[in-house]
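One structure is given here, and the rest of the page talks about it.
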């Protein structure tokens, strides 16, 4: 008995610890109900529907590629778009590839999530460009270069004033001039290692037209740099040592292996015509998301209170134990959410639904306990039997919910439903643990012997008592 | 006993509900949401009082985006349109803020292309079929040991019939709400249906499970309790737990419906209706049907 009570105390302490880490705080309140429960959601990952932001789904047209190239092309596409998204300075953007899957028809999708961005227009414009690869040559010193530099200079000096000097020349690059050579003429790029230094470099090969263009370019620019631009940003500016006629070049210079691989990938695929098409846009304003979050938290707290009241009124002492188990259930789930789940409005709904269903196991057990009591068993026996006999029912009921949530998760067509299914699944699994292990430990730790009228009152329930 | 004795009354109630739902589906049809058929939803809120509906209608009338407008909250409108491109979206937003200082804020914009819509529909259908299949396998497994006096596959058949009832009723309710109040059948509604399936199959099984257990102790020979008595007792014994497990779930859902976020209001309503129907069918429809099936068998055998 002492052992069981000790275990119960340890469980309570552990639950308080879990609650603390899950950012649940209790504070005193001057008026009813005197205690305020708050969940500090700042440390939880919230979905776009709660935080506000933009969710975009793109379709990549990979029909021109052979199977093996699709994966690489998609990865490159993702990298390119990630770079473009970073221009927005969005915190924690998500750019991910979604395989079409069983029902999706094997199409390749790209999902872009921009938390906090509600100006979709700009986002879509920036993202939607087809990746471009350009080669540019140095702009020679002269009137033109000076004019452009002066325009930049003027702008810099006046940009904070009310009338900054803006000139068309600002669109020009003072240091490099576009050349006719673009990614369209690139055959492929590979990572190679220098045989003497072991340093990685990127070797590129042009097709015949590209080789000719590249030959001219190098001939005219010996001992000067040629800049490689991807999406308008300079990624490398190697120095030309001699004219290259065979359309082969090496870009070297202090690469790390991963950087060289990324560059080769960008060169290979950055210029490939992987068209993307916008399939769906979702924008949620920040205020709407905040309203939804607050409403979700509020309904969770109220639902918990209402269910707790019901349990205590109907099941008395065991009901109180069930409320304890339910509290452990809630804090345990919140802790799991904090680390593993991106919460959405549907996820919160799934959680509230699971709070209602988590007590099912306790109700099954208590009803069975009551029957055993009515058959004349002693209280400790009735408790034991109640748990033992209700187990098959509990297992079956949760099994059907688990099957449903797994299928829902697999075939979810949007993140709303995926979120719901995931939270529901976690809830069902953890409720089996709390409803059985926690309730049993506490009921046994109370260790009622059950001969007094009072003890029997505490364990009886409801208003109808079954006939023996 | 009460429930078994007056089962015809309960059959009638279920019959009316099911017929009504079927009628609603055939007469009014589904009102699919944009996640199934593709399209856009634009939710706006005005800083001060919202202009008259006719004013907004006039602002965007020339655009031909198949728009329909509905008021929402105190200062907002929800505008439903065809699937819009980015340029079209900009057009409608500027149209809405033309010639006024009361410029609405865009609270939400969803645009789903027809491709994704069709895909969501097929995914939903596949998941419903899979859940049904899994449930049939589950029932077959759960009742593999029952035989007398009603064969185990008949338990299965009745369970599936009860499930059909549980799904049909909320569907009927939503079709009716769609006709009168513009409620839509969307992916969240399908999610609700799947959860209802999982929830009520279990409720039905609990009663059947008790019938099976009680049949073992029904006695032998002359003292043997008749089948309807066993079923009646089983219903009585499981009645409180059937009701209470549903009550806690319904309480949670009711709170979610009343206080919860706008997005999940229809989800919780569908679940409320479906779980109520599911609890009703487990207690008042499924188990009495067992008795009815048994008495048919007896008539056939000439008993």
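Protein chains in written order, with our numbering: chain U, 2 to 469; chain A, 32 to 334. Each residue gets a CB set at the ideal place from its N, CA and C atoms; glycine is no exception.
Closest Cα partner of residue i within the set the options
i, options, result
"residue 321 of chain U", "U/436, U/152, U/8, U/48", "U/436"
"residue 265 of chain A", "A/212, A/163, A/233, A/314", "A/314"
"residue 202 of chain U", "U/264, U/245, U/188", "U/264"
"residue 21 of chain U", "U/390, U/316, U/230, U/339", "U/339"
"residue 141 of chain A", "A/66, A/274, A/245", "A/66"
"residue 239 of chain U", "U/161, U/200, U/246, U/136", "U/136"
"residue 348 of chain U", "U/400, U/300, U/327", "U/300"
"residue 297 of chain U", "U/317, U/287, U/345", "U/345"
"residue 302 of chain U", "U/317, U/36, U/170", "U/36"
"residue 169 of chain A", "A/228, A/127, A/116, A/125", "A/228"
"residue 224 of chain U", "U/243, U/230, U/209, U/210", "U/243"
"residue 319 of chain A", "A/255, A/235, A/295", "A/235"
Beta carbon of residue i nearer than 8 Å to that of residue j
i, j, result
"residue 277 of chain U", "residue 111 of chain U", "yes"
"residue 232 of chain A", "residue 166 of chain A", "yes"
"residue 304 of chain U", "residue 58 of chain A", "no"
"residue 293 of chain U", "residue 7 of chain U", "no"
"residue 144 of chain A", "residue 280 of chain U", "yes"
"residue 124 of chain U", "residue 55 of chain U", "yes"
"residue 13 of chain A", "residue 90 of chain A", "The question about residue 13 of chain A has no answer here: the residues shown for chain A are numbered 32 through 334."
"residue 420 of chain U", "residue 117 of chain U", "no"
"residue 384 of chain U", "residue 406 of chain U", "no"
"residue 225 of chain A", "residue 181 of chain A", "no"
"residue 193 of chain U", "residue 256 of chain U", "no"
"residue 205 of chain U", "residue 228 of chain U", "no"
"residue 131 of chain A", "residue 94 of chain A", "no"
"residue 376 of chain U", "residue 387 of chain U", "no"
C-beta neighbour in chain U for residue i, strict 8 Å
i, result
"residue 138 of chain A", "yes"
"residue 201 of chain A", "no"
"residue 110 of chain A", "no"
"residue 278 of chain A", "yes"
"residue 196 of chain A", "no"
"residue 308 of chain A", "no"
"residue 255 of chain A", "no"
"residue 189 of chain A", "no"
"residue 235 of chain A", "no"
"residue 292 of chain A", "yes"
"residue 95 of chain A", "no"
"residue 316 of chain A", "no"
"residue 193 of chain A", "no"
"residue 275 of chain A", "yes"
Residue-level contact to chain A via CB, residue i, 8 Å cutoff
i, result
"residue 289 of chain U", "yes"
"residue 286 of chain U", "yes"
"residue 97 of chain U", "no"
"residue 469 of chain U", "Residue placement at residue 469 of chain U is flagged as unreliable, the pLDDT there being 38, under the threshold of 50; the coordinate-derived value follows with that caveat. For residue 469 of chain U, the answer is no, since every Cβ of chain A falls outside 8 Å of its Cβ."
"residue 272 of chain U", "Low confidence applies to residue 272 of chain U: its pLDDT is 47, below 50, so where it sits in the model is not reliable enough to give any reading."
"residue 412 of chain U", "yes"
"residue 431 of chain U", "no"
"residue 244 of chain U", "no"
"residue 182 of chain U", "no"
"residue 415 of chain U", "yes"
"residue 128 of chain U", "no"
"residue 283 of chain U", "yes"
"residue 402 of chain U", "yes"
"residue 276 of chain U", "no"
Residue i beta carbon near the ligand NAP (any heavy atom closer than 7 Å)
i, result
"residue 437 of chain U", "Absent from the structure shown: the ligand NAP. Ligands present: none."
Does the structure place the segment 296-309 of chain A close enough to the segment 195-207 of chain A that three or more beta carbon pairs sit under 8 Å?
Result yes; three or more Cβ-Cβ pairs closer than 8 Å.
If you measure beta-carbon to beta-carbon, which residues of the segment 330-361 of chain U are closer than 8 Å to chain A?
Per Cβ criterion, the list reads 346, 347, 349, 350, 353, 354, 356, 357, 358, 360, 361.
Evaluate the contact criterion for the segment 91-107 of chain A versus the segment 252-259 of chain A: three or more CB pairs, one atom per stretch, below 8 Å.
By the criterion of at least three beta-carbon pairs nearer than 8 Å, the segment 91-107 of chain A is not in contact with the segment 252-259 of chain A.
Stretch-stretch touch, CB-based, cutoff 8 Å, three pairs: the segment 355-367 of chain U with the segment 272-282 of chain A:
Contact between the segment 355-367 of chain U and the segment 272-282 of chain A is present, because at least three Cβ pairs lie under 8 Å.
With 8 Å as the limit, tell me which residues of the segment 153-183 of chain A have their beta carbon closer than that to any beta carbon of chain U; keep them in chain order.
Within the segment 153-183 of chain A, contact with chain U at the beta-carbon level (separation under 8 Å) is assigned to 153, 154, 155, 157, 158, 161, 162, 165, 166, 169, 173.
Which residues, in chain order, does the segment 287-319 of chain U contribute to contact with chain A at a C-beta distance below 8 Å?
Within the segment 287-319 of chain U, the qualifying residues are 288, 289, 292, 293, 294, 296, 297, 299, 300, 303, 304, 307, 308, 311, 312, 315.
If contact is defined by three or more beta carbon pairs under 8 Å, each pair taking one atom from either stretch, is the segment 384-400 of chain U in contact with the segment 314-328 of chain A?
In short, these stretches do not touch, since the Cβ pair count stays below three.
Three-pair Cβ contact test at 8 Å for the segment 182-191 of chain A versus the segment 33-42 of chain A
Cβ pair count under 8 Å is below three, so no.
Along the segment 32-64 of chain U, what residues have a CB closer than 8 Å to any CB found in chain A?
Under the 8 Å Cβ criterion, the segment 32-64 of chain U contributes 50, 58, 60.
Across the segment 202-217 of chain U and the segment 167-184 of chain U, are there enough close Cβ pairs to call them in contact, namely three or more that are closer than 8 Å?
Yes, since at least three Cβ pairs between the segment 202-217 of chain U and the segment 167-184 of chain U fall closer than 8 Å, the two stretches touch.
Residues of the segment 216-230 of chain U in Cβ contact with chain A at a cutoff of 9 Å, in chain order, please.
Within the segment 216-230 of chain U, not one residue has a Cβ closer than 9 Å to any Cβ of chain A.
Mind checking the segment 64-93 of chain A against chain U and listing, in chain order, the residues whose C-beta falls within less than 7 Å of any C-beta there?
Against chain U - using a Cβ distance shorter than 7 Å - the residues of the segment 64-93 of chain A are 66.
Interface residues of the segment 140-152 of chain A facing chain U [CB-CB below 7 Å]:
Residues 140, 141, 142, 143, 144, 146, 147, 150, 151.
Taking beta-carbon pairs under 9 Å, can you tell me which members of the segment 364-376 of chain U lie near chain A?
From the segment 364-376 of chain U, only 364, 365, 367, 368, 369, 371, 372 have a Cβ closer than 9 Å to chain A.
Which residues, in order along the segment 106-125 of chain U, keep a beta-carbon less than 8 Å from a beta-carbon of chain A?
Residues 106, 119, 121, 122, 125.
May I ask you to list, following chain order, the residues of the segment 258-272 of chain A that have a beta carbon less than 9 Å from some beta carbon of chain U?
Listed in sequence order: 267, 268, 269, 270, 271, 272.
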